[in-house]
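Before any comments, here is the structure.
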Amino acid sequence: MAPGRIAILGATSTVARALAACYAREGQDLLLCGRSLPEAEKVAQDLSLRYGIAAEACLFDPDLPDYPQVLWRLEGGPPLQGVVWAIGTMSAAAGEAGPDDIRQTTWVNFGAAVAAIEGLLPAVHAKGFIVLLSSVAGERGRRKNYVYGAAKAALTTYGQGLNHRLAGRGPRVTVVQLGVVDSQMTWGMAGGPSGAAPEKVAKAIIRAVRAGRGRVHVPAVWGPIMLLLRLLPEPVFNRLQV
Amino acid sequence: MHEAGRTLEIAGWGHAMRRRAEVLRPEQQSRLSEALEGFGIARGLGRAYGDAALSEGRVWQTTRLTRMLSLTPEGVLTAEAGVSLGDIVRTFLPRGWTLPVTPGTQWVTLGGAVASDVHGKNHHAAGTFGQHVKELVLLTAEGQLRRISPEHQSEIFWATVGGMGLTGVIVEVTIQLAPAETGYLSVDYVRSGGLEETLEWFSGHDRRYPYTVAWIDGLKEGQGLGRAVLMGGRVTASRELGAGEARYPMPRGAVRVPFDFPPGSLSLPVGRAFNAVYYGMHKPRENVREPWWKFFYPLDVADEWFRLYGRRGFAQYQGVYPPEIGLGEIRALLRRIHAAHHANFLGVLKRMGPPSPGLLSFPREGLTLALDLPVQGEGTLRLFRDLYAMTADYGGRVYLAKDAFLTREMFRRMYPNWEAFMAVKAKVDPRGMFRSLLSERIGLGEVR
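Here the protein sequences line up with chains A and B, keeping their order. Under this note's numbering, the first residue of the first sequence carries the number 446, and numbering increases by one thereafter. Under this note's numbering, the first residue of the second sequence carries the number -11, and numbering increases by one thereafter.
In structure tokens:
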């Protein structure tokens, strides 16, 4: 394992916090980047108090995206051991999305990730890792969230390309295709399933990163589910209420 | 952006009361502020037995506001209100700090412990939970975060401690932890053959111990009525531990009660047998060493133990009476319960210390008696009404965090500070945003 801190972009999200807690429990120092500095600071205080690690909070606004803010924190220090992209947003339902919604959804879920990861790449240790939290929504467009899904599909493709580019010569890239997680984002979805516990999801992600997996479904059961959904012929799929 | 909620059926811990509500579970304080619309009540881990954390409107659930923020070298902890007491013990006991006061379950949030101003086995020595709180951050109806303490805005502070969530949402709690030499307690077990002996122990012997409680056999009639296993505990000193023994032991996971038991599982004969076995099991012994979770949280070994009572659930009676109340009155309460043929498992009796300044806090000097009773329809309602009337006649009161049956009139008799409380509420929550089914039932939801 490479030395150095792990930077988590979007550190106040449910999965990111669980992931950060898992790393902190192992004694890993963290750079926690979030859109709200006070909230990111609370996460940093929590993890350093509980686990005795050094956790620093840093402002990160995906709208800009201000990865230079993150780079400044790294100046003079050792390279990062890893970067985790844990930012995502699901706004209006697909049919109701206006231009601003569409721009926001595609940018935050995809463009901002590419800009930030490309910008931070030189700061990541060659034997380090990059994790992109994508979604099963990107595997087959569904009427409920296809704009979000399309942006996540683009993120997955970007991760694959990056993995190809860096293979054997740079940090390992793991694209995590998340199924339904019991998170702040899914809580408000009417009638949705309650989803997997964030702690279990975090552990599965860390296992996949350690195993050097390029792509992984978390929870694993979403692998076969999505395979089936992808294979369904259109006339059948279009009649499904998914 | 508006916070999205989820419509769920939620229940009090006794599961006799259920209600559909729009539940919001923000993970950041800023999102909590955005979720503050309409009316409703904050909720933590749902351990209030009745309807204190149920609402017709919204329910602001704090179980994901679980960040610990700071610990000073003097043991002053600041944490978000959704942090559970069990989490605090697990995190800080290995560093020599523990809770100054803990109720009988560790699965209570900090916010809930303050709002109910909970007490524990050391009430006679240490007072209530709220008496160890140094500061609160309270999100009030107008969306303001107020820092309140016994020194600053003390009026709002003592309306919030024990205030059942009716002044706002508690967001952060700062509390003085207590030093813990070890994670063990040295316990003396004494058996009493009847109520007289039980009360005799509480008339002075109990003062030798920082922690005391009696498990009372609520089903024994006749000569043995009020027989009990009396327990007195103190924190074990580190020199009493053997070489190589862990100073701060930690438990393994809990057992789950897998399904709702069929009605009648906890019937009278089962109850009698259970109580007899429990009584028989606890031979008088001295200086028995027990790890903290076994002494403080014996029921936590089984998750969701309310399921033992089946779909209809159960209710708890807990009353506290003035110091002059004793043998005759406690005997009358137990006899009233016997007459109603309700099985009960492990009643609890204890002598409490001086009251907390919390306007609606439950504890006061005198004996407290608590019994879980299965809900069996009309008879249960009559039983509770009678027990409450007797309690009020004795000059006592019942515990709002356990209550499901109190009426407005009875509440006002038991809690003479209700008017002072309402005056503070009118200031911090003039439009009555914070309401629960409990507050509406006992007339604390009304805005004048």
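Glycine is no exception: its CB is placed at the ideal position from the N, C-alpha and C atoms.
Inter-residue Cα distance where the pair is residue i and residue j
i, j, result
"A/G613", "A/D511", "29 Å"
"B/G314", "B/T379", "12 Å"
"B/W406", "B/L73", "29 Å"
"A/P616", "A/R610", "10 Å"
"B/A166", "B/S344", "18 Å"
"A/G472", "B/E68", "23 Å"
"B/R299", "B/R6", "11 Å"
"B/A(-8)", "B/S21", "13 Å"
"B/P362", "B/L183", "23 Å"
"B/R240", "A/S628", "27 Å"
"A/K645", "B/K282", "28 Å"
"A/T550", "A/D508", "11 Å"
"A/L677", "A/W667", "15 Å"
"B/P272", "B/S174", "14 Å"
"B/L371", "B/G26", "36 Å"
"B/R260", "B/V201", "21 Å"
"B/L334", "B/E185", "18 Å"
"A/G594", "A/S579", "9 Å"
"A/N608", "A/H570", "15 Å"
"A/F555", "A/V620", "13 Å"
"B/D417", "B/S43", "17 Å"
Residues bridged to residue i (per DSSP)
i, result
"B/P198", "According to DSSP, which records beta bridges pairwise, B/P198 is partnered with nothing at all."
"B/Y177", "B/M219 and B/R273"
"A/I451", "A/L475 and A/G527"
"B/V47", "B/V11 and B/I29"
"B/M56", "B/A67"
"B/R(-6)", "B/V11"
"B/M340", "B/G354"
"B/P446", "The shown model of chain B, from -11 to 436, leaves out residue 446 of chain B, and the question about it has no answer."
"B/H3", "B/F302"
"A/F574", "A/G527 and A/R617"
"B/W146", "According to DSSP, which records beta bridges pairwise, B/W146 is partnered with nothing at all."
"B/F422", "B/G28"
"B/W85", "B/P167"
Any chain B beta carbon closer than 8 Å to residue i
i, result
"A/S579", "no"
"A/G633", "yes"
"A/T457", "yes"
"A/Y549", "Contrary to the premise, residue 549 of chain A reads as Gln rather than Tyr in this sequence. A/Q549 does not count as touching chain B."
"A/Q514", "no"
"A/Q622", "no"
"A/Q629", "yes"
Minimum Cβ-Cβ distance from residue i to chain A less than 8 Å
i, result
"B/S43", "no"
"B/S18", "yes"
"B/E15", "yes"
"B/S72", "no"
"B/S58", "yes"
"B/A(-1)", "no"
"B/G431", "no"
"B/R196", "no"
"B/A9", "no"
"B/G(-7)", "yes"
"B/R436", "Because B/R436 sits at a pLDDT of 47, beneath the cut-off of 50, its placement in the model cannot be relied upon, and the point is left open."
"B/R385", "no"
"B/R55", "yes"
Item to check | Short-range partners of chain B found in the region 468 to 502 of chain A, where Cβ spacing is below 7 Å | outcome: S481, E484, K487, V488, Q490, D491, L494 and R495
Next on the checklist: Can you confirm whether the region 6 to 19 of chain B touches the region 51 to 58 of chain B when touching is taken to mean that 3 or more C-beta pairs between the two stretches lie within less than 8 Å?
Outcome noted: yes
Checklist entry - Within the chosen definition, does the region 377 to 396 of chain B reach the region 340 to 360 of chain B through at least 3 CB pairs nearer than 8 Å? => result Yes, the region 377 to 396 of chain B touches the region 340 to 360 of chain B.
Next on the checklist: What are the residues in the region 71 to 102 of chain B lying within 7 Å of chain A by C-beta distance?
Outcome noted: T79
Next on the checklist: Does the region 94 to 104 of chain B come into contact with the region 147 to 166 of chain B, if we say contact requires no fewer than three beta-carbon pairs (one atom in each stretch) closer than 8 Å?
Outcome noted: Flag = yes, the region 94 to 104 of chain B and the region 147 to 166 of chain B touch.
Checklist entry - Is there contact here, the region 671 to 684 of chain A with the region 574 to 585 of chain A, by at least three beta-carbon pairs under 8 Å? => result yes
Checklist entry - Three or more beta-carbon pairs under 8 Å between the region 547 to 562 of chain A and the region 650 to 659 of chain A, yes or no? => result no
Checklist entry - Taking one C-beta from the region 458 to 473 of chain A and one from the region 522 to 536 of chain A each time, how about it: are there three or more such pairs within less than 8 Å? => result yes
Checklist entry - Below 8 Å, can you find three or more Cβ-Cβ pairs linking the region 417 to 430 of chain B to the region 392 to 405 of chain B? => result yes
Item to check | Validate contact between the region 368 to 376 of chain B and the region 136 to 155 of chain B using beta carbons, cut 8 Å, 3 pairs | outcome: Touching, no, given that fewer than three Cβ pairs across the two stretches are closer than 8 Å.
Item to check | Any 3 or more C-beta pairs closer than 8 Å across the region 497 to 514 of chain A and the region 473 to 480 of chain A | outcome: yes
Checklist entry - If we count Cβ pairs, one from each stretch, closer than 8 Å, do we get three or more for the region 307 to 327 of chain B versus the region 120 to 130 of chain B? => result no
Checklist entry - For the 8 Å Cβ check, are there 3 or more pairs between the region 208 to 218 of chain B and the region 124 to 137 of chain B? => result no
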